[in-house]
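Here's the structure we're looking at; comments come further down.
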Amino acid sequence: MIIFDNVTKKYGNGTVALDSVSFAVGAGEFVVVEGPSGAGKSTLVKAIIREIGINNGQIVVDGDDIAKIPAKNIPLLRRKVGVVFQDFKLLPDRTIAENVDLALDILGLSESDATTRRNELLNLVGLANKADDFPVQLSGGELQRVGVARALAPKPKILFADEPTGNLDSKTGSAIIHLLEDINSQGTTVIMASHDLDLLRDYKFRRLRLDHGALVHDTAKHVSHAKKEASQDKV
Ligand code: ADP
Numbered sequence: 001m002i003i004f005d006n007v008t009k010k011y012g013n014g015t016v017a018l019d020s021v022s023f024a025v026g027a028g029e030f031v032v033v034e035g036p037s038g039a040g041k042s043t044l045v046k047a048i049i050r051e052i053g054i055n056n057g058q059i060v061v062d063g064d065d066i067a068k069i070p071a072k073n074i075p076l077l078r079r080k081v082g083v084v085f086q087d088f089k090l091l092p093d094r095t096i097a098e099n100v101d102l103a104l105d106i107l108g109l110s111e112s113d114a115t116t117r118r119n120e121l122l123n124l125v126g127l128a129n130k131a132d133d134f135p136v137q138l139s140g141g142e143l144q145r146v147g148v149a150r151a152l153a154p155k156p157k158i159l160f161a162d163e164p165t166g167n168l169d170s171k172t173g174s175a176i177i178h179l180l181e182d183i184n185s186q187g188t189t190v191i192m193a194s195h196d197l198d199l200l201r202d203y204k205f206r207r208l209r210l211d212h213g214a215l216v217h218d219t220a221k222h223v224s225h226a227k228k229e230a231s232q233d234k235v
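Each residue of the sequence shown is one higher than the last, beginning at 1 in full-length UniProt numbering.
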């Protein structure tokens, strides 16, 4: 679903935020991209939705080399990859329902289809009873759920959650991870960027570890390597 082949991103000030990064994420996987602040996690998602260009390498999303997508089709790429931001990005003077509606507007649905979809999304994230509230009336965990509902509006194949638990206490953060697991179990490929190693300790997700822009560890590779060694031992 996503292939990074030797991707390098160097910002104008000389910072190398992605350093020859290569990995592949299959359809339906749940992958955590971990690493401390500044490791390159946000740069990775910005590159996937072509918010920024890369200096070297290739990024393939759902079969398309994204560098070759004409500018007019970038909105279609961004419908395939829903992004949940740590800071929610909700409009404070709009209700929760209206905030979700804004994400639905671009899809050109009829009014009744848009209302149906909005209600589905609010149900999915457990906020049907908060539709008429304003963001200020919601807790951090609830606001993050609105962010998830908005990101899912166009039925993306991939959901990228950038530090979705960053502003939350551990119990609320775990509930958001469970929500992402539910979404993943319904077929959406989920990538979650996080620096919160404590929160992730009890989960068995595949993890890609970034450090200063370099991919230094991929548990999937580690596992297959370990399996290979085990089978060799038996021989
Ligand atoms: P993370 O999301 O893991 O915290 P980022 O992708 O935001 O990491 O940043 C990776 C590195 O790139 C950091 O050193 C950061 O300071 C730098 N960086 C991020 N955005 C820019 C930018 N627009 N211009 C210059 N450097 C940047």
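Beta carbons are placed, not taken as given, at the ideal position from N, Cα and C, and that holds for glycine.
Listed by position along the chain, the residues with Cβ atoms less than 6 Å from a non-hydrogen atom of the ligand ADP are 11, 13, 15, 17, 35, 37, 38, 39, 40, 41, 42 and 43.
Excluding five sequence positions before and after residue 211, the CB atoms of its chain that fall closer than 8 Å to its own CB belong to 35, 36 and 39, given in chain order. Residue 58: not part of any alpha helix (DSSP H); member of the beta strand (DSSP E) spanning 56-61, first to last residue.
Short of 6 Å from the beta carbon of residue 213, and not among the five residues preceding or following it, lie these beta carbons of its own chain, in chain order: 16, 17, 18, 19 and 40. C-alpha of residue 136 to C-alpha of residue 170: approximately 21 Å in a straight line. The alpha helix (DSSP H) runs of length 4 or more contained entirely in the stretch 68-105 are, from start to end of the chain, 74-80 and 96-105.
Residue 100 is positioned such that its CB atom lies no closer than 8 Å to that of residue 179. Burial is judged here by how many other beta carbons sit within 10 angstroms of a residue's own beta carbon; residue 162 has at least 16 and is buried. Counting every other CB atom within 10 Å of its CB across the protein chains shown gives residue 204 a total below 16, marking it as exposed. One Cα belongs to residue 197, the other to residue 164, and the distance between them is close to 13 Å. Relative to residue 96, the option among 22, 46, 160 and 139 whose CA is nearest is 139.
Residue range 2-10 is occupied by the beta strand (DSSP E) that includes residue 2.
Fewer than three beta-carbon pairs drawn from the stretch 44-53 and the stretch 115-135 are found closer than 8 Å, and the two stretches are therefore not classed as touching.
Beta-carbon to beta-carbon, residue 3 and residue 80 are separated by about 14 Å, too far to satisfy the 8 Å threshold.
Just measuring C-alpha positions, the residue of 175, 188, 107 and 148 sitting nearest residue 87 is 148. Secondary structure of residue 143 (DSSP, three-state): helix. Residue 1 holds the alpha-carbon nearest to the alpha-carbon of residue 66 among 218, 1 and 112.
Residue 158 is bridged by DSSP to 81 and 189. In this structure, the alpha-carbon of residue 114 lies about 38 Å from that of residue 202.
As DSSP reads the structure, residue 33 sits in a beta bridge with 193 and 208.
Here residue 55 is exposed. Its C-beta has fewer than 16 other C-beta atoms within 10 Å.
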